[in-house]
Structures are given as C-alpha cells and as structure tokens.
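2 protein chains.
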Amino acid sequence: MSKTTLNKISEILGISKSTASKALNNYADVSPKTKAMVLNLAKELDYTPNSFAQNLRSQESKIIGLIVPEIVHYFFSNIILGVINAASKCGYAVVVVQSNDDYEYEVKQLDALLQKNVDGVLLSFADNTNNFKHVKSLLSNNVPLVLYDKISKLIDCNKVVIDDIKAAQMATQHLIDIGCKKIAIVRNKLKSQTTIDRYKGYKKALLLNDIEYDKLLDIETEDVSLESGKKAALTIFENHKEVDAVFAVTDLLAIGVLETFKENNVQVPEQISIIGFSNWLLTQITTPHLSTIDQPGQQMGKVAFDLLYSEIINNKNNVKEPYKTVVIDTKVISRESTK
Amino acid sequence: MSKTTLNKISEILGISKSTASKALNNYADVSPKTKAMVLNLAKELDYTPNSFAQNLRSQESKIIGLIVPEIVHYFFSNIILGVINAASKCGYAVVVVQSNDDYEYEVKQLDALLQKNVDGVLLSFADNTNNFKHVKSLLSNNVPLVLYDKISKLIDCNKVVIDDIKAAQMATQHLIDIGCKKIAIVRNKLKSQTTIDRYKGYKKALLLNDIEYDKLLDIETEDVSLESGKKAALTIFENHKEVDAVFAVTDLLAIGVLETFKENNVQVPEQISIIGFSNWLLTQITTPHLSTIDQPGQQMGKVAFDLLYSEIINNKNNVKEPYKTVVIDTKVISRESTK
DNA sequence: TTTATTACCGAAACCGGTTTCGTAAATTAT
DNA sequence: ATAATTTACGAAACCGGTTTCGGTAATAAA
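Chains B and D supply the protein sequences, listed in that same order. Quick note: the first sequence uses the working numbering, first residue 1, plus one each step. Quick note: the second sequence uses the working numbering, first residue 1, plus one each step.
Written as structure tokens, this is what we have:
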C-alpha cells in the first residue's frame with residue numbers, strides 16, 4: 001500500500017487537486033460539503049502531506065541546525081535540551097552536530113547543515129576558531145544565525161551569552177568575601193572569549209579589593225580536562241603553599257584541582273577554598289560539594305532558539321529588526337568547597 | 001543575489017537543464033567539453049543543488065531520527081555522539097528528540113519525526129512504554145527502525161543492546177568475589193526490560209553462588225534519581241545493618257547510596273561495597289571512586305546507526321535481510337568502592 | 001428582468017531537481 | 001558508397017504539494 005497523496009484523494013472524490021488542497025488548508029472558497037468530504041477521506045486514508053513537496057514549494061525545511069563544541073558535556077547537553085524543547089513547540093526539528101572544539105571541523109559541519117537546507121543555525125564557537133569566514137558567508141547568504149555562549153564580538157548577529165566577566169568577578173569576590181587573600185586562577189590557555197572574560201573578571205575582582213595580581217598564581221593549562229586540573233593543582237601545591245583559594249574557569253578543572261589537593265592531604269575548604277564554573281551535576285557529588293557559578297544551559301538554549309525563530313519569521317515578512325544580545329543571569333552557588 | 005539553480009546554469013550556457021544535470025552527475029552521455037563548461041560555471045556561481053528538489057525526487061531526506069529518553073544523561077550523550085559521528089560519515093544528519101522517559105511524549109516525538117520524513121529511526125523506549133502500536137505502525141509503513149538499549153523483545157527489528165543479565169551478574173559476582181555475603185539490590189520499580197534483566201542477573205549470580213535471595217534486601221525506588229538512591233540507602237542503613245554490599249542498577253542511584261552511607265559514617269568499602277551501572281564520568285570523581293559496569297554508549301550508537309544504514313540501503317535495493325540483535329560487550333570496572 | 005455579487009471550483013504554473021526516451025549528427029563497419 | 005553504431009543532447013514527464021487566476025453558476029441587488 002503506497003502513501004496517499006493529494007492526487008489520489010482528488011481522483012477518488014472526482015475533484016481537482018487544488019480544491020482538495022484548499023479544503024485541507026482552510027481556504028474560504030471551498031463549500032462546507034466538499035471540505036467535509038475531503039477531510040473525511042483524508043482521515044480515513046491517513047493522509048499526511050509529503051513534506052518534501054511542501055519544503056520545495058515553501059523553500060523552508062522547518063529544521064534548524066545546532067552546533068555544539070562537545071556533545072558529551074553537561075552544559076551543552078542542557079543547551080541541546082533547551083533548544084529542542086523550544087523548537088519542538090514551534091514545529092521545528094533540530095539537527096545536532098559537534099564541532100569537536102575544532103575550527104576545521106566546525107566549518108565542515110556547518111557546510112553539512114547548509115546542504116540540508118536548515119532554516120537557521122545556532123552556533124557556539126570552537127575554542128580555536130578565530131577566523132569567521134564561514135559565519136560571514138552564512139550571513140551574506142541570509143541564513144539566520146544566533147551565536148550562543150562562545151561567541152565573537154566581531155560578528156553582527158543575535159547572541160545569547162552570560163556575562164563571563166561579571167560571573168568570574170562574582171566567583172572571585174565570593175572567595176574574597178570568605179576571607180581568602182591569595183587566590184590562584186586555573187584557566188586554559190586557548191583564548192576563547194569566555195576564557196578571556198573569566199580571566200578579566202578575576203582580575204577585576206582583585207583590583208576592586210586592592211589585591212595585587214600575581215602572575216605566578218595565574219596557572220595556564222593545555223585544555224579544560226580533569227587531568228589538566230590535576231596538573232595545575234600540583235603546580236600550586238608544590239610551589240605556592242601560600243595560596244588559600246583557587247578559581248578554576250570550568251568545573252572539571254576545579255574537580256581535578258580538588259582531587260589532587262585531597263590526594264595530597266590538603267584540607268578543602270579549611271586550608272584552601274575552590275570554586276568552579278558552570279554548575280555541572282558533578283559538582284553536587286564531589287566531596288566536599290563544589291561551589292560554582294550557575295550557568296543555566298536550558299534557559300540559554302531556549303532563548304537562543306527564540307531569537308532564531310523571530311529572525312526566521314521576520315525574514316519571511318521582510319522586516320528587519322536590530323540584532324540583540326541577550327545576557328542570561330548567573331549566580332554563585334556556594335557549597336562546601338568554599339567556607 | 002538569488003541562489004543559482006540548474007535552470008540558470010543551463011540558460012547561461014545555452015544548453016538544456018537535463019544536460020547540465022547530467023554533467024554534474026557524471027553521466028556518460030555528456031561530451032568532455034560540455035561537462036567541463038558546466039562544472040566550471042557551477043563552481044564559479046557556487047552552485048549547490050537544492051536539496052528540497054532532490055528530496056522530493058528521491059523521496060529520501062538523508063536525515064534520521066534519534067529518540068533518547070533523556071538528553072542530559074551521560075550514557076545517552078554518548079549514544080548521541082556515536083550516532084552523529086557514524087551518520088555524518090555517510091552523509092546523514094541526525095534529528096535528536098527526547099521522550100522524557102514518557103510514553104505519550106515518545107509517541108508525539110515519533111510522529112514529529114515522521115512528519116519530517118526521516119529515512120529511519122533509532123529508538124530507546126521510555127521506562128513506561130509497554131504499548132507498541134507506534135513502532136508497529138512504523139514497521140508496517142516500512143520505515144527502518146533500530147531499537148537500542150531499552151528495547152522490547154516483542155518488536156521484530158534490528159536491535160543493539162548490552163547483555164544486561166550478564167552484566168548485572170558480573171557486577172554481583174564481583175561483589176561476591178571480594179567476599180560479600182549480604183548483597184542488596186537497589187532498582188527502580190518501573191519495569192523496563194533493562195531493569196528487569198539487571199534484576200535477573202543479580203538473582204542469577206546469587207543462585208550460582210548458593211546465596212539465598214532475600215526479598216528484604218531488594219529495594220525498589222520510584223525512579224533512578226540521586227534522591228531515590230539516598231532513600232534506598234537509608235532504608236538499608238536503618239533496617240539492614242547486616243548488608244555488606246549494594247548493587248545499584250544505575251550509577252546515579254549508586255552515588256546516592258554512597259553519599260548517604262558516607263553521611264551516616266558507614267565506611268565504603270570497608271563496611272560496605274557499592275557497585276553501580278553505566279560508567280558515567282561521575283563515577284571517577286566520587287570519593288571513593290565508584291566501581292561500575294562499563295556500558296559503551298558511543299560504540300552502541302555507532303552500531304545502531306550502521307544497522308539502520310544497511311537497512312536503508314537494503315530497502316532501496318529491495319533486498320530483505322533477517323534482523324539482527326547485536327550484543328555489545330560490557331565489563332566490570334573495579335574501583336575503590338568495592339574492595 | 002437585468003445587473004452586480006458572491007460562492008465554488010479547476011486548469012495550470014511553480015518549486016528545482018532527476019531520469020527516461022527519442023533523435024540528429026558523427027563515427028565506424030561493410 | 002551505404003548501413004550500423006555510437007555519441008551527445010534535449011524535450012518532457014515526474015516527484016507532490018501550493019497558489020494564482022479565470023470562469024461558471026447561483027444568489028442578491030437594482
């Protein structure tokens with residue numbers, strides 16, 4: 001049994017394809033009788049319009065592309081969920097791809113999305129992306145784009161971010177508020193905007209509290225892995241016994257730091273306080289529970305989709321709205337690792 | 001500047017659309033000169049075929065649907081990654097949706113996928129799915145389907161699973177091997193196949209080692225959350241001091257159990273050993289590190305896609321292969337929580 | 001009764017490719 | 001030289017909807 005098409009329906013009823021289509025789409029110029037006839041038969045034959053044909057006609061796929069640096073990642077999982085839920089409510093499906101935090105891959109995956117004719121793209125840059133040809137060509141091709149989380153100020157489009165400077169400043173201030181004086185920062189050396197901003201926030205907090213920035217307490221790591229956190233902690237443990245607090249720019253780094261201190265019998269938080277960044281599920285499970293910055297992924301995903309959606313709608317209606325940058329609120333989650 | 005189409009190319013070159021199409025698709029009946037001409041112009045105008053038209057013609061979308069019970073979940077994140085990587089290599093995009101571990105939602109999301117005309121579906125059932133009308137209608141509509149992880153034996157299709165019985169048996173045997181005698185099981189009461197099988201494996205191991213199954217040590221929880229694990233541990237702690245080991249059917253449950261024991265000054269593993277299930281990243285971060293069963297999500301995702309892909313290809317060529325059930329190997333990861 | 005409206009329907013164009021089939025020209029075989 | 005192939009190309013159908021536009025018949029207004 002082949003799929004039922006409009007042609008089949010119109011043939012059976014002895015009417016034209018046009019009328020059948022109109023009946024299904026609530027056009028005014030269809031008599032009640034005819035409409036009922038069509039609707040009944042459509043239901044009986046379990047008719048669903050062929051979306052390929054609809055897509056070709058409307059030139060839209062009702063699918064959007066979502067590029068995340070890493071899929072197996074608590075924060076980005078929440079992004080994905082937020083996007084998918086919001087999209088689903090508007091009848092959009094989401095194709096998810098991963099850039100592997102690599103520029104080349106990001107370009108490739110973006111191309112793949114465009115070949116599928118997605119109606120818009122949500123993108124968080126790879127750590128090593130500092131060339132923006134690919135997104136600029138997107139924009140010149142009039143494909144709606146929303147950048148989220150790891151963005152670039154050089155691109156003129158809708159964005160949704162957290163205020164990394166402010167959040168990092170709050171994290172550092174929290175450490176200062178509980179009495180810490182020698183605060184180390186552990187950050188990855190790749191210069192993504194988020195890393196840079198968290199670094200700025202750290203320095204800003206020091207400055208505002210008349211604490212001198214000490215280059216030796218500024219530990220750069222290869223990446224943001226658990227292992228890198230451990231290495232960083234070892235550096236601190238071996239060379240800087242005076243340190244009484246660590247701000248790590250990601251939770252995983254923070255956990256690596258925490259683990260290593262524990263292994264070396266450094267009491268957390270009695271001897272040293274630790275705060276991370278993102279509020280991964282992980283942080284509620286460490287011993288002691290890790291203080292961190294809440295970075296609401298689901299909400300960011302939802303907002304990102306909403307921005308994209310309104311841009312898609314505006315495009316259809318040929319209206320041009322100025323681009324927005326939505327800043328999502330973060331807050332300090334104070335747990336046992338900072339006291 | 002509008003998008004370049006085949007029509008535009010053929011008009012510019014003064015040839016027919018057919019010939020232009022053939023040139024681009026390596027047909028034999030195009031002269032070398034004409035072919036070069038078309039290819040050059042296509043490159044110059046940055047021509048990419050309109051996939052809507054291709055889809056309509058070929059009646060395939062080169063998109064597959066992936067339904068996961070929960071997106072923010074270490075195991076399923078790995079599934080998603082495995083699927084996406086494998087799919088991408090074959091030119092397929094993946095639309096990801098979440099069933100929320102709820103049957104109604106699962107049906108709804110499946111419908112949404114079908115409306116997008118996906119070429120196939122990968123599905124892991126919600127915990128409360130025990131009605132299979134939706135997937136049966138899929139199969140009768142000849143839409144390729146592969147079930148993974150949470151499957152049903154009642155459905156005749158390709159599947160990829162781990163041997164939950166064997167894995168749970170291995171976990172329990174591991175506890176026995178290290179000398180435990182009173183082994184409790186913590187499992188969610190919803191009767192998904194995986195839960196049932198892990199329960200079976202637990203009992204099988206007891207049986208093979210002449211340990212009597214004790215209904216009182218069989219703790220049923222509402223769900224598989226951290227909280228449920230904590231509640232279960234409290235039950236054990238308050239009523240069954242004799243228990244010297246706990247097998248929890250998920251890592252999160254196990255971590256809840258672990259946390260609660262620690263809070264009540266029960267030494268792990270000295271007084272009680274704990275083993276979980278799945279090998280989440282979390283398990284490497286708890287104190288003590290949690291023993292568990294490795295459940296290789298990425299590999300399962302890859303295998304699931306490969307099965308789906310070959311079914312899609314077979315369908316196109318009108319060949320019918322018998323359905324397979326691929327069983328992925330698991331192994332015990334012995335860490336500090338079992339000694 | 002004549003004219004103006006309204007209600008209802010269908011032919012056909014359109015979206016942009018792919019593929020079949022017929023045919024004229026060029027080449028080879030006889 | 002003619003006949004048989006081969007080469008190269010294009011017209012047109014096709015995929016399955018949506019939408020415009022024109023026209024007839026029924027109704028309302030003059």
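Each residue gets a CB set at the ideal place from its N, CA and C atoms; glycine is no exception.
What would DSSP say about residue i, mapped onto helix, strand or coil?
| i | result |
| --- | --- |
| D:THR325 | strand |
| B:ASP294 | strand |
| D:THR221 | strand |
| B:GLY65 | strand |
| B:TYR148 | strand |
| B:ILE378 | Chain B is shown from 1 up to 339; residue 378 of chain B falls before or after that span and cannot be answered. |
| B:VAL143 | coil |
| B:LEU56 | helix |
| D:ARG335 | coil |
| B:VAL246 | strand |
| D:GLU270 | coil |
| D:HIS134 | helix |
| B:ASP251 | helix |
| D:VAL257 | helix |
| D:ASP306 | helix |
| D:SER21 | helix |
| D:ILE236 | helix |
| D:THR283 | helix |
Nearest to residue i by CA position, among the options, is which residue?
| i | options | result |
| --- | --- | --- |
| D:SER10 | D:ALA20, D:SER2, D:LYS3 and D:ILE176 | D:ALA20 |
| D:ASN158 | D:VAL135, D:ILE176, D:GLN169 and D:ASN265 | D:VAL135 |
| B:ASP197 | B:ILE176, B:SER152, B:GLU222 and B:LEU175 | B:SER152 |
| B:SER310 | B:ILE333, B:ALA87, B:LEU217 and B:ASN131 | B:ALA87 |
| D:LYS189 | D:GLU336, D:ILE219, D:ILE165 and D:ILE236 | D:ILE219 |
| B:GLU263 | B:ALA233, B:THR250, B:ILE274 and B:LEU282 | B:ALA233 |
| B:ASP102 | B:TYR92, B:GLY91, B:PRO69 and B:ILE80 | B:PRO69 |
| B:LYS133 | B:VAL107, B:LEU123 and B:ASN142 | B:VAL107 |
| D:ASP164 | D:LYS200, D:GLN267 and D:ARG187 | D:LYS200 |
| B:GLU270 | B:CYS180, B:ASP127 and B:THR235 | B:CYS180 |
| D:LEU113 | D:PHE125, D:ASN100 and D:VAL94 | D:VAL94 |
| D:ILE67 | D:TYR105, D:TYR92 and D:SER192 | D:TYR105 |
| B:THR235 | B:LYS116, B:ILE185 and B:ILE71 | B:ILE185 |
| D:ILE333 | D:THR194, D:GLN98, D:LYS8 and D:ALA168 | D:ALA168 |
| B:LEU139 | B:ILE312, B:ASN317 and B:ALA36 | B:ILE312 |
| B:VAL319 | B:ASN142, B:ASN25 and B:PHE237 | B:ASN142 |
| B:ASN265 | B:PHE125, B:GLU238, B:GLU44 and B:VAL97 | B:GLU238 |
Flag residue i as yes if its beta-carbon sits less than 9 Å from any beta-carbon of chain D, otherwise no.
| i | result |
| --- | --- |
| B:HIS73 | yes |
| B:GLU336 | no |
| B:ALA53 | yes |
| B:VAL95 | yes |
| B:GLN59 | yes |
| B:ASN117 | yes |
| B:THR345 | Outside the modelled stretch of chain B, which goes from 1 to 339, sits residue 345 of chain B, for which no answer is possible. |
| B:ILE63 | yes |
| B:GLU238 | no |
| B:GLN271 | no |
| B:LEU81 | yes |
| B:ILE285 | yes |
| B:LEU145 | no |
| B:LYS262 | yes |
With 9 Å as the threshold, decide whether the Cβ of residue i is near any Cβ in chain B.
| i | result |
| --- | --- |
| D:LYS302 | no |
| D:GLU104 | no |
| D:ALA42 | no |
| D:ASN26 | no |
| D:ASN314 | no |
| D:GLU259 | yes |
| D:ILE255 | yes |
| D:ALA112 | yes |
| D:ILE185 | no |
| D:LEU207 | no |
Counting pairs of beta carbons, one from the stretch 70-89 of chain D and one from the stretch 42-60 of chain D, are three or more of them closer than 8 Å?
Judged by Cβ distances under 8 Å, the stretch 70-89 of chain D makes no contact with the stretch 42-60 of chain D, as fewer than three pairs qualify.
Assess, as a yes-or-no matter, whether the stretch 138-148 of chain B is touched by the stretch 272-279 of chain B under the definition of 3 or more beta carbon pairs within less than 8 Å.
Put simply, the stretch 272-279 of chain B does not touch the stretch 138-148 of chain B. Fewer than three CB pairs are less than 8 Å apart.
Assess, as a yes-or-no matter, whether the stretch 255-268 of chain B is touched by the stretch 218-231 of chain B under the definition of 3 or more beta carbon pairs within less than 8 Å.
Counting C-beta pairs with one atom in each stretch, the stretch 218-231 of chain B and the stretch 255-268 of chain B have three or more that are closer than 8 Å, which means they touch.
Threshold first: 4 residues or longer. Then list the alpha helix (DSSP H) segments lying entirely within the stretch 64-132 of chain B, N to C.
Counting only runs of 4 or more, we get 74-89 and 103-115.
Quick one: which unbroken beta strand (DSSP E) runs of 3-plus residues sit fully inside the stretch 158-201 of chain D? Chain order, please.
Assignment of beta strand (DSSP E) within the stretch 158-201 of chain D, counting only whole runs of 3 or more residues, yields 158-162 and 183-188 in chain order.
Counting Cβ pairs closer than 8 Å, one from the stretch 321-330 of chain B and one from the stretch 292-309 of chain B, do we hit at least three?
With the cut-off at 8 Å, the stretch 321-330 of chain B and the stretch 292-309 of chain B touch.
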